[in-house]
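Enquirer: Questions regarding the structure given below will be posed in turn.
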Amino acid sequence: DGGITQSPKYLFRKEGQNVTLSCEQNLNHDAMYWYRQDPGQGLRLIYYSQIVNDFQKGDIAEGYSVSREKKESFPLTVTSAQKNPTAFYLCASSIWAGGVYEQYFGPGTRLTVT
Amino acid sequence: AQSVTQPDIHITVSEGASLELRCNYSYGATPYLFWYVQSPGQGLQLLLKYFSGDTLVQGIKGFEAEFKRSQSSFNLRKPSVHWSDAAEYFCAVVLAYSGAGSYQLTFGKGTKLSVIP
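These protein sequence lines are chains A and B, in that order.
1 is the number of the first residue of the first sequence in this note's numbering; add one for each residue after it.
1001 is the number of the first residue of the second sequence in this note's numbering; add one for each residue after it.
What follows is the structure, given as structure tokens:
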């Protein structure tokens, strides 16, 4: 089945450690995205990538880094510089469909930093 | 600045009752509008979208939404709610077109729907 895979579903880290969240898609979508979700805040864009080896900062990129070495993969690293890393992280990819781009979301990774 | 407002943080309805979730946007050009649904601890699923044409759009799971340019609204409706509809619902609008295969969505803060049996 085609889709977006995020692993792990739950992740625990100590403060001061970097951590990398995985996102893989087999939908053959060109564009991929990372969002952060906090209770009552909706979704906020961290980074997005239109093509391999290219990515742009979103609204809240500070303390995060990404890479896009393969079309299928868009890992997100939460660095120790991120002041409040505990959140639910969602990966998405998009495709042109019926006159508009549609975003499809993965199941998410809940990161807890103590 | 462009924005999306969902005025209701939490709505409770009885099973079988009708539902309307409100969404207002602030955007200068013709918007692309979306409604997504999220079950607890899960990703988002696209319910429906509007970008042009008929202002009443049909989606999955029996949902529909109506685009009203004069009111800058894109409200989500369902005639009869089922217990399985309990979830959080997000309205979203395109913020900027940034090239082929990509665009940026701005999300509202969500409306949590509870369903009473």
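Using N, Cα and C, we set each Cβ at its ideal position, and we do this for glycine too.
For B/Pro1117 and B/Ser1014, I'd like the C-alpha separation in whole angstroms.
Expert: 6 Å
Enquirer: Please list the residues of the region 64-76 of chain A that have a C-beta atom closer than 7 Å to any C-beta atom in chain B, keeping them in chain order.
Expert: none
Enquirer: To the nearest whole angstrom, what separates the beta carbons of A/Ala92 and A/Gln103, a pair I think is in contact under 8 Å?
Expert: 5 Å
Enquirer: Taking Cβ to Cβ, would you say B/Ala1087 is nearer than 7 Å to B/Val1115?
Expert: no
Enquirer: Which residues in the same chain have their Cβ closer than 6 Å to the Cβ of A/Tyr10, if we skip the five residues on either side of it in sequence?
Expert: Arg110, listed in sequence order.
Enquirer: Comparing the C-beta of B/Phe1107 with each C-beta of chain A, is any distance below 7 Å?
Expert: yes
Enquirer: So, is B/Ser1080 buried or exposed, given that buried needs 16 or more other C-beta atoms within 10 angstroms?
Expert: exposed
Enquirer: What residues match up with B/Glu1064 in a beta bridge as DSSP calls it?
Expert: B/Gln1058, B/Arg1077
Enquirer: Taking the C-alpha atoms as reference points, what is the distance between B/Cys1091 and B/Cys1023?
Expert: 6 Å
Enquirer: State buried or exposed for B/Leu1056, treating a residue as buried only when at least 16 other CB atoms are found within 10 Å of its CB.
Expert: exposed
Enquirer: Could you list which residues in chain A have their beta carbon closer than 9 Å to that of B/Phe1090, in chain order?
Expert: Gly42, Leu43
Enquirer: Pull up the distance between the alpha-carbon of A/Trp34 and that of A/Phe55, whole angstroms please.
Expert: Their Cα atoms are separated by approximately 11 Å.
Enquirer: Out of curiosity, what's the CA-to-CA distance linking A/Ser65 and A/Trp96?
Expert: 26 Å
Enquirer: Beta-carbon within less than 7 Å of A/Lys83's beta-carbon, same chain only, minus the 5 sequence neighbours each way: which residues are those?
Expert: Cβ-Cβ distances below 7 Å link A/Lys83 to Gly63 in the same chain, with the five nearest sequence neighbours on each side left out; the list follows chain order.
Enquirer: Alpha carbons only, please: which of B/Ala1017, B/Ala1029, B/Glu1066, B/His1082 is nearest the one belonging to B/Trp1035?
Expert: B/Glu1066
Enquirer: According to DSSP, which residues form a beta bridge with A/Tyr35?
Expert: A/Leu45, A/Leu90
Enquirer: Under 7 Å, do B/Val1004 and B/Val1094 count as touching if we go by C-beta distance?
Expert: no
Enquirer: Less than 7 Å between CB atoms is the rule here; does A/Phe12 satisfy it with respect to chain B?
Expert: no
Enquirer: Just the C-alpha distance for A/Ser49 and A/Asp30, rounded to the nearest angstrom, thanks.
Expert: 8 Å
Enquirer: From what residue to what residue does the beta strand (DSSP E) around B/Ala1105 run?
Expert: Checking the sequence, you will find Leu at residue 1105 of chain B rather than Ala. Run containing B/Leu1105: 1103-1107, per the beta strand (DSSP E) assignment.
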